[in-house]
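Numbering (the working numbering), first residue to last: 27 to 438.
Notes follow once the structure below has been shown.
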């Protein structure tokens, strides 16, 4: 258990470097620089961020453990198997980007509209940034983290919560420690117009996250869901513009209630398409999905029927929302060298897709002691014990595993 706690803490630190979390780093950075010349405020925001991370992690863990206790086979990142959750994240990211661009302001008094931030809104903003960071971090599984999460899911609830809290503490540790590091204030320039420019520039990583999540939603729920979320994005953007105008009119002492009512009306129009997302049909297959479909369909029954027949089996447990999975596909599994090795060793390639909820995939992850994606398993040609590959692949790792699996078959 102590090893799992330590691995979870270290994995949480590394999780900050994963591409899933990068867009939210902009909010963390902005929160840090807002009070870099006021160490007390910086420390308070660091603690608020830590609290947001831990509370959200406990909430997600509780839902996950309750679902598993009820018989559902779910794992790390389970909420991103829901189109509604992905759509909500899209709108939150879009709203954050529009706020950073200055279209409207949150947590500011009338006199400070257009500024970088306020003292009162800073703590709540930091806590919400921590909550958002943990939610968008779930598609990634950092080194050391997968085994810790897998172990946690096999333990009693209290032990599991301790491990998940350790993961949250590791995730929040770098930002919280930096906020307590007073020497940082000497490195940053004095407050000025550059902070507003930086704030606007940091909106673009958030817009990048919006684009990625829209792609995931289209893969998960189809073109109808794509049309629905684009309409929602347009309505939300228009509502944000109206709200920004209302703020400016209020600042100048002019009437603004009609604009607030119009803002509420357009925000309300976003709700019906969101509620209908789960009813949309699955997306038509793209070229990549067609290639995956050309592989042997994965199922526990197919694996049992094929393994031990003299051919290695490579199983790719993946999902569209798993960024690490997509990177590994392009840098390793889809390379000509790996394809040639599969052909040379007569490897049977299987894809286990967890873009939508698949209880068989979740059960397989649990059986291999993993709490989340990605997972790559090679079954030797002689039907021996399967080998779990690292979460970050290289062509050499895959080719070596396939050669070893084939060699074992020849020896038998």
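For each residue, glycine too, the CB sits at the ideal point set by N, CA and C.
Contact between the region 69-89 and the region 188-198 is defined here as three or more beta-carbon pairs at a separation below 8 Å; is this criterion met?
Flag = yes, the region 69-89 and the region 188-198 touch.
Does the Cβ of residue 222 have 16 or more other Cβ atoms within 10 Å, making it buried, or fewer, making it exposed?
By the neighbour-count criterion, in which 16 or more other beta carbons inside 10 Å mark a residue as buried, residue 222 falls on the exposed side.
Report, in whole angstroms, the separation of the C-beta atoms of residue 412 and residue 402, which I expect to be a contact under 8 Å.
Contact annotation, residue 412 with residue 402: C-beta distance approximately 10 Å; criterion of less than 8 Å not satisfied.
Below 6 Å CB to CB, which residues in the same chain sit around residue 319 once its five sequence neighbours on both sides are set aside?
Reliability of the predicted coordinates at residue 319 is poor, the pLDDT of 40 falling under 50, and the value obtained from them is presented with this limitation in mind. Cβ within range, chain order: n/a, list empty.
Runs of 4 residues minimum, wholly inside the region 390-420: which ones carry the alpha helix (DSSP H) assignment?
none
Quick check on residue 322: does DSSP put it in helix, strand or coil?
strand
Using DSSP bridges, identify the partner residues of residue 230.
In DSSP, residue 230 forms no bridge with anything.
Is residue 419 near residue 427, with beta carbons less than 7 Å apart?
Contact flag unset, no.
Which residue from 432, 393, 400, 392 puts its Cα closest to that of residue 410?
432
How about residue 178 and residue 160: do their beta carbons lie closer than 7 Å?
No. Outside cutoff.
Does the separation of the CB atoms of residue 296 and residue 262 fall below 7 Å?
yes
In the DSSP output, which residue or residues are listed as bridge partners for residue 5?
The displayed coordinates of the chain run from 27 to 438. Any statement about residue 5 would go beyond what the structure contains.
By the three-class DSSP mapping on this structure, what secondary structure does residue 357 have?
If DSSP states are grouped into helix, strand and coil, residue 357 belongs with the helices.
Using a Cβ-Cβ cut-off of 7 Å, state whether residue 126 counts as contacting chain B.
In summary, chain B is missing from the structure at hand, where a single protein chain is found.
Could you spell out where the alpha helix (DSSP H) holding residue 125 opens and where it closes?
Unbroken alpha helix (DSSP H) run through residue 125: 109-126.
Quick check: the Cα distance between residue 144 and residue 36, rounded to an integer number of angstroms?
For residue 144, the predicted structure reports a pLDDT of 41, less than 50, and the residue's modelled location is therefore unreliable. A value from the coordinates is still provided. The straight-line gap from Cα to Cα measures roughly 33 Å.
Using CA atoms only, rank isn't needed, just tell me which of 225, 68, 78 is closest to residue 153.
78
Which residues in the same chain as residue 334 place their Cβ atom closer than 7 Å to its Cβ, once the five residues preceding and following it in sequence are excluded?
408, 409
Which word fits residue 232, buried or exposed, when buried means at least 16 other C-beta atoms lie within 10 angstroms of its C-beta?
buried
Pull up the CB-CB distance for residue 342 and residue 359, whole angstroms please, since I reckon it's below 8 Å.
6 Å
Using three-state DSSP, classify residue 342 as helix, strand or coil.
strand
Along the chain, where does the beta strand (DSSP E) containing residue 47 start, and where does it finish?
Here residue 47 belongs to no beta strand (DSSP E), and DSSP marks it neither H nor E.
Would the beta-carbon of residue 205 fall within 7 Å of that of residue 149?
no
Give me the Cα-Cα distance between residue 328 and residue 389, rounded to the nearest whole angstrom.
15 Å
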